[in-house]
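In the numbering used here, the protein residues as written are 6 to 441.
A virtual CB, placed ideally from N, CA and C, is assigned to each residue, including glycine.
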Ligand SMILES: Cc1ncc(COP(=O)(O)O)c(C=O)c1O
């Protein structure tokens, strides 16, 4: 693979701009051909399309069992998926004119967990439950997951803990799924986590442990607590291959959704994805999936808050892992889901040559985009998700002026935000808009 990219003085200049909280686009000089890179990643990390397809197959196998646990999934046979929504006039939300088609990938409306974290989180819990049931002799390998929503299975799972560290949304997804199967679920929350997310989990019987530290501290505390028990399984957001694969499945689903809309993706019809990024698992997994499905026709941009550009700092680092604190940022942002100081090293290794670029977003821009989106389309999202819309302004002409391009704004969370919380976000956005 290409090795480090940015000369030292360029890295320093970039650090200065990031320190100044300047919204910017960083183009990835290591971006390489998808085919070549994916082959190298497969050889080095033993991960590829077959693994994504296997994850999709497991999720589909679980469909009837999921319908039993979550009746709201009956209409889709237990498949947890979000719609693609046409954004007829993107300009008021993005602030710039772009040619081609603009679509919202509406993960804010994903059932069960209300965010993109449903994808990886639910896959990892189901894979673990199946594994445990096979090891305990409850089902044979490849057996029917319907048996895993039985009273006998609940008795088994009740003896085990599933734990996670989170800024909120991953905790919701793991907590809801693990407790639905009967596990003792423990969610370690960082200081950024919103109160309503903790309340919602506690109502479901999930144990919520509140930490005064940031996301990395909550993950470390959860990891240590789980390591002390051989009946605890820790979903490790910083290092999990299964979370990554669960997110990557989205690309297979998207391929079918685009085909249903007769939207071509190829060298003459680029697909541009704008992906809010925290530790990197969700946008990284999706990028990995999109590159497998669409190759170089997929252009993936990550969106990070000005105070928390963890993946940008990692991608641009010449000297190995680095956190946003190392360059003098405080990782304080209203985008709670993206408030991460240090990127996942695993995800970095897997996607460092696949990401086209990373842009940073000021918190105010999250609120104005969120308000504009509701005013123009009635869609309500949380601040983290609104980061996707700030990317259009950075596109070069080959993508922004291309009538054949499809722009995909991945709205990653929001439908579970209580109405009174959302109103506060919306009012803040309206006040900012009134001042401009
Ligand atoms: C709403 C929302 N969007 C995006 C992300 C980013 O996902 P990741 O942390 O896997 O990069 C998160 C993470 O919690 C989130 O809650």
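Checklist entry - By DSSP, does residue 305 sit in helix, in strand, or in coil? => result Counting from one through the chain shown, the residue named residue 305 turns up at place 300. Correct three-state label for residue 305: strand.
Item to check | Where the beta strand (DSSP E) through residue 193 begins and ends | outcome: In the chain shown, residue 193 corresponds to position 188, counting from 1. Judged by DSSP secondary structure, residue 193 falls within the beta strand (DSSP E) whose first and last residues are 189-194.
Item to check | Whole-angstrom C-beta distance between residue 120 and residue 417, which should lie under 8 Å | outcome: On the chain shown, position 412 is the one that residue 417 refers to. On the chain shown, position 115 is the one that residue 120 refers to. 6 Å between Cβ atoms; contact.
Checklist entry - Looking only at C-alpha atoms, which of 49, 305, 349 sits nearest to residue 242? => result The sequence position of residue 242 within the chain shown is 237, counting from 1. Nearest neighbour of residue 242 by Cα position, chosen from 49, 305, 349, turns out to be 349.
Next on the checklist: Please report the straight-line C-alpha distance between residue 125 and residue 332, rounded to a whole angstrom.
Outcome noted: Here residue 125 refers to the residue found at position 120 when the chain shown is read from its first residue. Here residue 332 refers to the residue found at position 327 when the chain shown is read from its first residue. Cα-Cα distance, rounded: 30 Å.
Checklist entry - Alpha carbon to alpha carbon, how far is residue 435 from residue 128? => result Against the chain shown, residue 435 aligns to sequence position 430. Against the chain shown, residue 128 aligns to sequence position 123. The C-alpha of residue 128 is placed about 38 Å away from the C-alpha of residue 435.
Item to check | Per DSSP, the bridge partner or partners of residue 4 | outcome: Examination of residue 4 is not possible in this model, given that the chain is present from 6 through 441 alone.
Checklist entry - First and last residue of the beta strand (DSSP E) that includes residue 166? => result For the purposes of this step, residue 166 is identified with residue 161 of the chain shown, where counting begins at 1. For residue 166, the enclosing beta strand (DSSP E) stretches over residues 166-171.
Checklist entry - From residue 99 to residue 385, what distance separates their C-alpha atoms? => result For this step, residue 99 is matched to residue 94 along the chain shown. For this step, residue 385 is matched to residue 380 along the chain shown. Here the alpha carbon of residue 99 sits roughly 15 Å from the alpha carbon of residue 385.
Next on the checklist: If I measure Cβ to Cβ from residue 326 and keep anything under 7 Å in the same chain, skipping five residues before and after, which residues do I get?
Outcome noted: Position 321 of the chain shown, counting from 1, holds the residue named residue 326. So the qualifying residues of the chain are 319, 347, 350.
Checklist entry - What's the gap between the Cα of residue 379 and the Cα of residue 260? => result As a working note, residue 379 is residue 374 in the chain shown. As a working note, residue 260 is residue 255 in the chain shown. Residue 379 and residue 260: Cα-Cα distance of roughly 27 Å.
Checklist entry - Mind checking residue 266: buried by the 16 CB within 10 Å criterion, or exposed? => result Position 261 of the chain shown, counting from 1, holds the residue named residue 266. Answer is exposed; the Cβ neighbour count stays below 16.
Next on the checklist: Please classify residue 388 as buried or exposed, where buried requires at least 16 neighbouring CB atoms within 10 angstroms.
Outcome noted: Here residue 388 refers to the residue found at position 383 of the chain shown. Per the 10 Å Cβ criterion, buried.
Checklist entry - So, helix, strand or coil for residue 81, using DSSP? => result Position 76 of the chain shown, counted from the start, is the residue given in the question as residue 81. If DSSP states are grouped into helix, strand and coil, residue 81 belongs with the helices.
Checklist entry - Cα separation between residue 155 and residue 162? => result Residue mapping note: residue 155 aligns to position 150 of the chain shown, counting from 1. Residue mapping note: residue 162 aligns to position 157 of the chain shown, counting from 1. Using only the alpha carbons, I get a separation of about 11 Å.
Checklist entry - Over what stretch of residues does the alpha helix (DSSP H) that includes residue 430 continue unbroken? => result The sequence position of residue 430 within the chain shown is 425, counting from 1. Run containing residue 430: 424-440, per the alpha helix (DSSP H) assignment.
Checklist entry - Unbroken beta strand (DSSP E) runs of length 3 or more, entirely within the stretch 240-301: which are they? => result Here the runs fully enclosed are 276-281.
Item to check | Inter-stretch contact (C-beta, 8 Å, three-pair minimum) for the stretch 249-256 and the stretch 286-296 | outcome: Yes, they touch.
Next on the checklist: Let me confirm a value: residue 48 is counted as buried when at least 16 other C-beta atoms fall within 10 Å, else exposed. Which label applies?
Outcome noted: In the chain shown, the residue the question calls residue 48 occupies position 43. Result: exposed.
Item to check | alpha helix (DSSP H) segment containing residue 160, residue limits | outcome: Here residue 160 corresponds to residue number 155 of the chain shown, with the count starting at 1. Segment 156-162, the alpha helix (DSSP H) holding residue 160.
Item to check | Bounding residues of the beta strand (DSSP E) (the contiguous stretch that carries residue 213) | outcome: Within the chain shown, the letter at position 208 stands for residue 213. Segment 212-215, the beta strand (DSSP E) holding residue 213.
Checklist entry - Near residue 197, what residues of its chain come up, given a Cβ to Cβ distance below 6 Å and the 5 sequence neighbours on each side ignored? => result What you label residue 197 is simply residue 192 of the chain shown in a count that begins at 1. The residues are 172, 341, 344.
Item to check | Best match in 193, 281, 199 for proximity to residue 111 [C-alpha to C-alpha] | outcome: Residue mapping note: residue 111 aligns to position 106 of the chain shown, counting from 1. Nearest option by C-alpha distance: 281.
Checklist entry - Counting pairs of beta carbons, one from the stretch 351-368 and one from the stretch 424-432, are three or more of them closer than 8 Å? => result Look at the beta carbons and you see the stretch 351-368 not touching the stretch 424-432: under three pairs across the two are nearer than 8 Å.
Next on the checklist: For the alpha helix (DSSP H) containing residue 228, name the first residue and the last one.
Outcome noted: Working through the chain shown from its first residue, we reach residue 228 at position 223. Element bounds for residue 228: 220-232.
Checklist entry - Assuming residue 191 and residue 212 make a contact with CB atoms under 8 Å, what is their CB distance in whole Å? => result Translated into the one-based positions of the chain shown, residue 191 becomes position 186. Translated into the one-based positions of the chain shown, residue 212 becomes position 207. Rounded, the Cβ-Cβ distance is 5 Å, consistent with contact.
Next on the checklist: Our contact map puts residue 374 next to residue 394 with C-beta atoms below 8 Å; I'd like the distance itself, whole angstroms only.
Outcome noted: Taking the first residue of the chain shown as position 1, residue 374 is located at position 369. Taking the first residue of the chain shown as position 1, residue 394 is located at position 389. Sure, about 4 Å apart at Cβ, within 8 Å.
Checklist entry - Is the closest heavy atom of ligand 1 to the C-beta of residue 305 under 7 Å? => result Walking along the chain shown from the start, residue 305 turns up at place 300. Residue 305 Cβ: outside cutoff for every heavy atom of ligand 1.
Checklist entry - When the Cα atoms are used, what is the spatial distance from residue 244 to residue 372? => result Here residue 244 refers to the residue found at position 239 of the chain shown. Here residue 372 refers to the residue found at position 367 of the chain shown. Taking the straight line from one Cα to the other gives about 31 Å.
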